[in-house]
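61 is the number of the first residue of the sequence shown in this note's numbering; add one for each residue after it. Note that CB positions come from ideal geometry on N, CA and C, so glycine has one too. Just so it is clear, the structure is predicted and the values come from calculations on it, not from any experiment. Okay, so here's the structure we're looking at.
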Amino acid sequence: FVVQSVADELKRNLLANNCVELDRAQVDALAKVAFPRDAKGDWSINRELVGRSAHVLAAQIGLNIAPDTELLIGETDAGHDFVQHEQMMPFMPIVRTPDVHTAIEWGVQAEQGYHHTAIMHSKNVEYMTKMARLCRCTIFVKNGPSSAGLGAGGEGYTSFSIATPTGEGCTSARTFTRQRRCALIDYFRIV
């Protein structure tokens with residue numbers, strides 16, 4: 061979500077840094093490939109596209125772009141599949157909002173209560189505080205990529221996270237695995 065007053069500047073900077081913009085028809089075509097639906101209309105992620113390059117994604121809709129393209133971008137509405145579903149693909153939906161308060165509100169709604177990861181770019185600490193309090197995510201990155209929340213160019217050690225609904229949060233080498241206890245009664249006696 062991006063505030064309308066800076067949306068064009070954001071797009072200019074992204075395009076100047078090896079991104080390619082898709083028009084709405086191309087975004088919708090890519091969504092059909094990325095989030096195929098079954099006969100009942102239920103979606104699933106196209107696992108063949110997870111982690112693939114922007115070049116590979118673009119080829120799925122007949123576009124031939126430079127192999128070193130970093131990211132595909134495209135304008136959508138807040139209810140679009142690329143906004144509402146985790147994709148793990150190099151496509152960034154851009155949703156224009158009238159103001160920061162709407163951007164925060166829509167961002168919290170799109171996070172859907174997972175409380176996992178959120179990012180925000182702002183120089184206003186008050187707005188970042190508001191977002192942090194509303195989203196209550198385990199990882200909240202301000203003014204950087206989401207990977208910074210896992211220690212890649214950000215604060216702390218490199219780590220992974222175990223989704224917040226189970227309560228574990230960020231892990232370390234010591235805590236990444238769960239400890240298990242096994243007890244067997246009778247039938248296994250060593251005397």
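| Check | Outcome |
| --- | --- |
| Beta-carbon proximity of residue 149 to residue 109, cut-off 7 Å | yes |
| Residue 202, buried or exposed, once every other Cβ within 10 Å from all chains shown has been counted against 16 | buried |
| Inter-residue spacing [alpha-carbon to alpha-carbon] between residue 121 and residue 80 | 14 Å |
| Residues that DSSP places opposite residue 156 in a beta bridge | 62 |
| CA-to-CA distance, residue 214 to residue 207, given in whole angstroms | 8 Å |
| Under 7 Å between C-beta atoms of residue 194 and residue 168 | yes |
| Distance between residue 69 and residue 185 (C-alpha atoms, nearest Å) | 21 Å |
| Residue 177 versus residue 84: straight-line alpha-carbon distance, rounded | 27 Å |
| The segment 132-146 contacting the segment 85-96, beta-carbon criterion three pairs below 8 Å | yes |
| Close Cβ partners of residue 159 (< 7 Å) along its chain, the five nearest in sequence each way excluded | 63 |
| Residue interval of the alpha helix (DSSP H) (run including residue 189) | 185-195 |
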